[in-house]
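Q: One structure coming up, written as structure tokens, with questions to follow.
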Amino acid sequence: MIASIQGGTQKAVNAMGQSSERARVSLDVAGAAGRALADIQAAIVLINERNVSIATATEEQAQVAREVDRNLT
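Numbered by the working numbering, the letters in the sequence shown go through residues 22 to 94 in order.
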């Protein structure tokens, strides 16, 4: 009977160890995902800034083109 209890206890200890390791791995993966999302967010900010710059330059070019057109007519 004691051997059975010891065997069950050992299985429980092993299961807890495996659960602990899986939790650690999950935490590492979650941390990596968080860092990747932060990188993506930073890239989106840069893309947005570039889009605003392009839109501004496009509008300026359109204004110049309209001015040239007015001067030609």
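Just so it is clear, CB atoms sit at the ideal spot from N, CA and C, and this is done for glycine as well.
Predicted model only: the values in this text are computed from it and were never measured.
1. Identify whether methionine 96 lies in helix, strand or coil by the three-state DSSP scheme.
2. To the nearest angstrom, how far is it from the Cα of leucine 48 to the Cα of glycine 29?
3. Return helix, strand or coil for threonine 30, following the three-state DSSP convention.
4. If you draw a straight line from the C-alpha of glutamate 80 to the C-alpha of serine 41, how long is it?
A: According to the data block:
1. Any answer about residue 96 is impossible in this case: the structure gives the chain only from 22 up to 94.
2. CA-to-CA, the gap between leucine 48 and glycine 29 works out to about 28 Å.
3. Looking at threonine 30 - three-state DSSP - the assignment turns out to be helix.
4. Note on geometry: alpha-carbon atoms of glutamate 80 and serine 41 lie some 58 Å from one another.
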